[in-house]
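Participant: In order, the protein sequences belong to chains A and B. Number 345 in the numbering used here belongs to position 345 of the first sequence; there are no gaps in the numbering. Number 1365 in the numbering used here belongs to position 365 of the second sequence; there are no gaps in the numbering. Each residue gets a CB set at the ideal place from its N, CA and C atoms; glycine is no exception. The structure presented is a predicted model; accordingly, all values stated were derived computationally and were not measured.
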Amino acid sequence: MDNLVKGWEVIIGLEVHAQIATKSKLFSSSPTEYGADPNSQVSFYDAAMPGMLPVLNENAVDQAIKSGFGINGTINKISRFDRKNYFYPDLPSGYQISQLYHPIVTDGHIDIELQDGSVKTIHVERIHIEQDAGKSIHDLSPEFSYVDLNRAGVPLMEIVSKPDMRSPFEAMQYVRKLRMILRYVGSCDCNMERGNLRVDANISIRKPGELLGNRAEIKNINSIRFLGQALDYEIERQIMLKENGEEVCQETRLFDSSLGETRSMRSKEDAADYRYFPDPDLKPVVLSDERIARLRAEMPELPDEKHARFVAEYGISDADANVLIEDKETAAYFERAVAASKFKPASAKLIANWMISELFAVLNKEGKTIETVGFPIEYMAELVDLILDKTISGKIAKTVFAEMAQSGSAPAKIVKDLGLVQIQDEGAIRKVIDEVIAANPAQVAQYKAGKVQLFGFFVGQSMKAMQGKGNPEMINKILRETLG
Amino acid sequence: MKADLTISEVRKGLKTREFSAVELMQYFLSRIEQYSALNAYVTLDTEKALAAAKEADERIAAGEDLPLLGVPLAIKDLFCTKGMKTTACSKILSEFVPEYESTVTQNLLDDGAVFIGKTNMDEFAMGSSNITSCFGACFLPYRKKSAPDVPLVPGGSSGGSATAVASDLCIAATGSDTGGSVRQPAAFSGLVGIKPTYGLCSRWGMVAFASSLDQAGPLTKCVEDAAIMLRSMAGYDPKDSTSANVEIPDYASFLGQSIKGMKIGIAKEYTDGLNNENMAMFERAKSWLVDAGCELVDISLKTTPYALPAYYIIAPAEASSNLARYDGVRYSKRAEHYDNIDELYTNSRSEGFGEEVKRRILTGTYVLSAGYYDAYYTKALKIQKMIKDDFRDNAFSKVDLILTMTSPNTAFGVEESTQMSPTDMYLNDIFTVNSNIAGLPAISVPAGLSNDGLPMGVQLIGNHFRECDIFKVAHVLEVAANFFDKRQKIIKI
């Protein structure tokens, strides 16, 4: 058994709450825009005024179905909404509408990559659609609490995994992969800082072969890093308890990111009885074959498919493909750059390299995204083409790239304006090399006496004499010939 | 002003300038004041009512013609009315003024109706006597011959609407029927009351009691008025996901059509155990239909006895959830004293809800709780399915309509009702809940007077969306019963 921690097996299952990317709420036409003034996006329905009724946002259903395709799940042709009853000031109706008994998607799975490069399948039990609650604000007044209902009724997908993960790393990989899939599908923007993707982690430990032990549920984790930290802490805590002969309580815990600790929120005994029952205000969601087929046809290429295609079609490495498919936009950028290149598909590998090293560095430095970068995609192709047709060396290309990123000018123009065309004339190079050898007799003598490391010195001196524009392969070749 | 005008009489009188809408409104407002002891209305805005009537007069003068233009109606306090207090006769909503108009009342307004005010009802429509209202009991305008001094209930939960119509305090009224709340008060008060097919009237803007059973329906003096009212109230509403997208025919056009050859089911489960007086009444109603050329068919609906227990699980379960929004946090009345959020909830709800409402919330919470859900709620839903199938397979595959009594009894005393056990009170719904459970349309038509001089009603249950059949046959019963004339013999207060 791999992955044991001090002889204990760790069992992790995750419930991910993903806000469905829709313009209006799940059961009302109120907008879902982020950051609006408190209670400015609240309808009579959202405030649970008497006699107000829910009308299902069909777009939210479509997005959930597409997410279901994204995780290779079964789309259920009949699903149903249930009420989860509990009192809380930011839950105006006293119940949350969710799908307990008949969720829209069941039995999915996604593959994650482990540290050693192997692939593990994580099963997804279900995706169901539900409403978000509002927000209680306790720190505005010493006397009162305030309620903001802007979030109340915003559509969420709850994506529930099986307890298939065996380490915090696997859990983090799962969330990364899930996030990537949802972004590809377009059903969730997965902005964790805004709370658009939140994770509840169920974790227990056992000796291999034992039955499952009591689990702790860590609620509302809003970053992948915190997920790892919370699980690490929790594993240590549970091992400590068990090794001291104590039991782990079945309870709900909160992760305090400032302390890096989880702490108890409520125990199982305090757990509410939610009295789920089918919502009589809503009819079952019945999906036609046509609708399912239409949504399937609308599905984009998913990360795993894209990865396989990139490796096969462009001959790039697994690792590079991983980086390029991280998001749809980067992958699209790559493909468009390759398409614009004169040397496609041979140029693909070089384009991938240039994107991953130089382009990403610039984006990071300037805080830009691949969509706001300051030069057209064609320039990326042009730059690589200039290297491939030997107009410039890779080294000069870095100068050209920096200039291009700064000014937005075309690479060919930069090369011309700055006179950066590579020197490829053998005679000219030989002349410079002869001069370098003549000017450094001592080093020549040492080299000939066996200090071969000095070869680099001659390359450097020659390149310097040509302001870096010499063709490095030719310099190497001629130097070897000359120095013997 | 002639007493007990019908809608078509009002429309004719207004068109011929025999009287104006304002005069009509003044007539009712003065009667309401005169008979305020009946406690039919809980909220009045006379200025607004007169202004609406004046506007109707102007529209009539301008030649406008709408089915209800200038017709003064009473509205059960369960329908949200924009700018007018809507309390569902509960303390917890005593300060609630909606900023929106329910679909049903908007439909009536769109047809030109003018609203007099809001009528008394059992709190959140939970009751069969109108005694659970936070505004106090409402009274039947009639008395028993044997006990002329004993005040009687108008039935419930639409008791105020029934009293308002029966006492000539409006032309017609809206009600709502979850287990019989339109039909039972109609029967007690000598009125026509119909609960349409579930989904025919939008529930948007109606304070919810039990969402899967609630339906709006009119209380009127005659079948024709019920047909006119229902046509106006009904209609597809995209704001209510359970609303039915069906054409609403001109129900009144079916009145007077021959019912010859129609098959009327007589189910022994509804007649076994009827007392002699009820049985005699029922036999008379049967003979009227035979005289009109109907064929009576004996049927058996074996699931009938299970409807009431299923109802008293499903309805409270939904109510316990529907009423959770009255928590004292927003528009519902907040308790004065509390130290934390739990106390705010507990105190607001303890003070705001009456006994019967609390009983049903507790029942509903119990039947939905972990460990009991399957034993109660799941089973009740299974029974509901069986009842639906029973009606389909053993009634409407053979007959057009089913004839039953509306209520096992006539109106009872207010005092008596306060001493009834809840389960005895629930028996009032025994003949009416079945159609709610199955979502079927059903009407109560006044058929005659009891030996003690109180109105008795018979019920027709139809197949889904067959309201036209119901109206057609109800009209025949109405003509045969000649109840309009019999009304004169009732002891009025």
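1. Would DSSP call A/Q63 helix, strand or coil?
2. Using a Cβ-Cβ distance under 9 Å, would A/N57 count as near chain B?
3. Any beta-carbon of chain A closer than 9 Å to the one on B/C1080?
4. With a threshold of 9 Å between beta-carbons, can A/A133 be considered close to chain B, or not?
5. With 7 Å as the C-beta to C-beta threshold (strictly closer), list the residues of the region 282–299 of chain A near chain B in chain order.
6. Find the residues of chain B that neighbour A/D567, judging by a C-beta separation of less than 7 Å, and give them in chain order.
7. Using a cut-off of 7 Å between C-beta atoms, extract the partners of A/L488 located in chain B.
8. Thinking C-alpha only, which one of B/L1362, B/S1129, B/N1451 is nearest B/N1275?
9. Using only CA atoms, which one of A/E193, A/I239, A/S407 lies nearest to A/G213?
10. Report the rounded CA-to-CA distance for A/Q96 versus B/S1128, giving the unit in angstroms.
11. List, in order along the chain, the chain A residues whose C-beta lies closer than 9 Å to that of B/P1098?
12. Measuring CB to CB, does A/I112 end up less than 9 Å from A/I159?
13. Helix, strand or coil: which one does DSSP assign to A/F255?
14. A/M1: buried (16+ other C-beta within 10 angstroms of its C-beta) or exposed?
15. CB-CB under 8 Å to A/Q422, same chain, minus the five flanking residues each way: which ones, in chain order?
16. Could you pull out every unbroken alpha helix (DSSP H) segment of at least 4 residues lying fully inside the region 1386–1410 of chain B, listed in chain order?
17. Under 9 Å, Cβ to Cβ, is there at least one residue of chain B near A/P142?
18. Please list the terminal residues of the continuous beta strand (DSSP E) segment that includes B/Y1041.
19. Which residues in the same chain have their Cβ closer than 6 Å to the Cβ of B/E1351, if we skip the five residues on either side of it in sequence?
20. The beta strand (DSSP E) spanning A/I159 covers which residue range?
21. For A/Y504, return the contacting residues in chain B, with the cut-off set at a CB-CB distance below 7 Å.
22. Using the Cβ count rule (16 or more neighbours within 10 Å means buried), how would you classify A/T74?
23. Return the residue from the list A/A133, A/I137, A/S145, A/K162 that minimises the CA-CA distance to A/V154.
24. Step through the CB atoms of chain B and report whether any lies within less than 9 Å of the CB of A/Y146.
25. Write down every uninterrupted run of the alpha helix (DSSP H) in the region 427–482 of chain A whose length is 4 residues or greater and which is fully enclosed by it, in chain order.
26. Look at the alpha carbon of A/S223 and the alpha carbon of A/L56, and state the distance between them as a whole number of angstroms.
27. For A/L144, does the count of other Cβ atoms within 10 angstroms reach 16, so buried, or fall short, so exposed?
28. Please tell me whether A/H102 and A/S79 are closer than 9 Å, where the distance is taken between their beta carbons.
29. I'd like to know if B/I1341 contacts chain A, where contact means its C-beta is closer than 9 Å to some C-beta of that chain.
30. With distances taken Cα to Cα, identify the nearest neighbour of B/L1073 among B/T1271, B/A1040, B/K1195, B/Q1184.
31. Do you know whose CA, among B/G1136, B/K1388, B/L1140, B/S1320, lies nearest B/S1167's CA?
32. Less than 9 Å separating the beta-carbons of B/V1153 and B/T1087?
33. Can you find the residues in the same chain that come closer than 7 Å, C-beta to C-beta, to A/E382, ignoring five residues on each side of it along the sequence?
34. Which residue from A/Y86, A/E9, A/I12 puts its Cα closest to that of B/S1320?
35. Per DSSP, what are the beta-bridge partners of B/D1298 in this structure?
36. Report the residue ranges of all beta strand (DSSP E) runs contained in full by the region 1040–1120 of chain B; include only those spanning at least 3 residues, in chain order.
Facilitator: Short version:
1. Along the first sequence, read from residue 1 onward, the residue named residue 63 of chain A stands at position 63. In the structure shown, A/Q63 sits in a helix (DSSP, three-state: H, G or I).
2. Counted from its first residue, the first sequence places residue 57 of chain A at position 57. So, not an interface residue.
3. As a first step, residue 1080 of chain B must be located in the second sequence, where it is residue number 80. Yes, contact with chain A.
4. Here residue 133 of chain A refers to the residue found at position 133 of the first sequence. Not one chain B Cβ lies under 9 Å of A/A133.
5. Those would be L282, K283, in chain order.
6. Absent from the structure is residue 567 of chain A, since the part of chain A shown begins at 1 and ends at 484.
7. The first residue shown for chain A is 1 and the last is 484, placing residue 488 of chain A beyond what the model contains.
8. As a position in the second sequence, residue 1275 of chain B is number 275, starting the count at 1. Nearest C-alpha to B/N1275: B/N1451.
9. Against the first sequence, residue 213 of chain A aligns to sequence position 213. Comparing Cα positions, the closest option is A/I239.
10. Position 96 of the first sequence holds residue 96 of chain A. Position 128 of the second sequence holds residue 1128 of chain B. Whole-angstrom Cα-Cα distance: 31 Å.
11. Along the second sequence, one-based indexing puts residue 1098 of chain B at 98. Within chain A, the residues near B/P1098 are F44, M49, P50, G51.
12. Residue 112 of chain A sits at position 112 when you count from the first residue of the first sequence. Residue 159 of chain A sits at position 159 when you count from the first residue of the first sequence. No, the Cβ-Cβ distance between A/I112 and A/I159 is not below 9 Å.
13. As a working note, residue 255 of chain A is residue 255 in the first sequence. Correct three-state label for A/F255: strand.
14. Here residue 1 of chain A is taken as the residue at index 1 of the first sequence, counted from 1. Caution applies to A/M1, whose pLDDT of 46 falls short of 50 and renders its modelled position unreliable; the model cannot decide the point.
15. In the first sequence, residue 422 of chain A corresponds to position 422, counting from 1. Only K390, T391, I392, S393, I396, K469, G470, N471 meet the Cβ criterion.
16. Runs of the alpha helix (DSSP H) inside the region 1386–1410 of chain B: none found.
17. In the first sequence, counting from the first residue as 1, residue 142 of chain A sits at position 142. Judged by the 9 Å Cβ criterion, A/P142 is not in contact with chain B.
18. The sequence position of residue 1041 of chain B within the second sequence is 41, counting from 1. Unbroken beta strand (DSSP E) run through B/Y1041: 1041–1044.
19. Residue 1351 of chain B sits at position 351 when you count from the first residue of the second sequence. Closer than 6 Å at Cβ, skipping near neighbours: A1335.
20. To locate residue 159 of chain A, count along the first sequence from 1; it is residue 159. For A/I159, the uninterrupted beta strand (DSSP E) segment begins and ends at 155–161.
21. Residue 504 of chain A lies beyond the residue range present for chain A, which begins at 1 and ends at 484; the question has no answer from this structure.
22. Here residue 74 of chain A corresponds to residue number 74 of the first sequence, with the count starting at 1. Exposed, since its Cβ has fewer than 16 Cβ neighbours within 10 Å.
23. Counting from 1 along the first sequence, the entry for residue 154 of chain A is found at position 154. The shortest Cα separation from A/V154 among A/A133, A/I137, A/S145, A/K162 belongs to A/A133.
24. Here residue 146 of chain A refers to the residue found at position 146 of the first sequence. Not a single CB atom of chain B sits nearer than 9 Å to the CB of A/Y146.
25. Correct list: 441–448, 455–465.
26. Locating residue 223 of chain A in the first sequence gives position 223, where the first residue counts as 1. Locating residue 56 of chain A in the first sequence gives position 56, where the first residue counts as 1. So the alpha carbons of these two residues sit roughly 30 Å apart.
27. Walking along the first sequence from the start, residue 144 of chain A turns up at place 144. Going by the sequence as given, residue 144 of chain A is Phe instead of Leu. Exposed, because fewer than 16 other Cβ atoms sit within 10 Å of the Cβ of A/F144.
28. In the first sequence, residue 102 of chain A corresponds to position 102, counting from 1. In the first sequence, residue 79 of chain A corresponds to position 79, counting from 1. Against a cut-off of 9 Å, the Cβ pair of A/S79 and A/H102 comes out as a contact.
29. Taking the first residue of the second sequence as position 1, residue 1341 of chain B is located at position 341. Chain A, which has a Cβ nearer than 9 Å to the Cβ of B/I1341, makes this yes.
30. For this step, residue 1073 of chain B is matched to residue 73 along the second sequence. Answer by Cα proximity: B/A1040.
31. By 1-based counting over the second sequence, the position of residue 1167 of chain B is 167. For the residues B/G1136, B/K1388, B/L1140, B/S1320, the minimum Cα distance to B/S1167 belongs to B/L1140.
32. In the second sequence, residue 1153 of chain B corresponds to position 153, counting from 1. In the second sequence, residue 1087 of chain B corresponds to position 87, counting from 1. It is not a contact, given that the beta carbons lie outside the stated cut-off.
33. Position 382 of the first sequence, counting from 1, holds the residue named residue 382 of chain A. So the qualifying residues of the chain are A410, P411, A412.
34. Taking the first residue of the second sequence as position 1, residue 1320 of chain B is located at position 320. Check the Cα spacing between B/S1320 and each of A/Y86, A/E9, A/I12: the tightest is with A/Y86.
35. Position 298 of the second sequence, counted from the first residue, corresponds to residue 1298 of chain B. By DSSP's assignment, B/D1298 forms a beta bridge with B/I1266.
36. Counting only runs of 3+ residues, the beta strand (DSSP E) found wholly inside the region 1040–1120 of chain B occupies 1041–1044, 1072–1076, 1114–1119, in chain order.
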